[in-house]
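Numbering (the working numbering), first residue to last: 74 to 134.
See the structure below:
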């Protein structure tokens, strides 16, 4: 059942709805934090350890 439908259930109280939204927000924040950590770890590797398609050279001016 999608979370939007859960929010609309008549038996749900405001507290339960807020708790559900808070849980969803925390889930997305944890994914974002994990993604940022992975990017930081990749950028900390020496260039030889990073596959060529991951390297993004700066455009020549």
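Just so you know, even glycine gets a beta-carbon here, dropped at the ideal spot from N, CA and C. All of these numbers come straight from a predicted model, not from anything done at the bench.
Nearest-angstrom Cα separation, counted from residue j out to residue i
i: residue 112; j: residue 103; result: 14 Å
i: residue 106; j: residue 87; result: 28 Å
i: residue 92; j: residue 99; result: 10 Å
i: residue 90; j: residue 101; result: 17 Å
i: residue 114; j: residue 94; result: 30 Å
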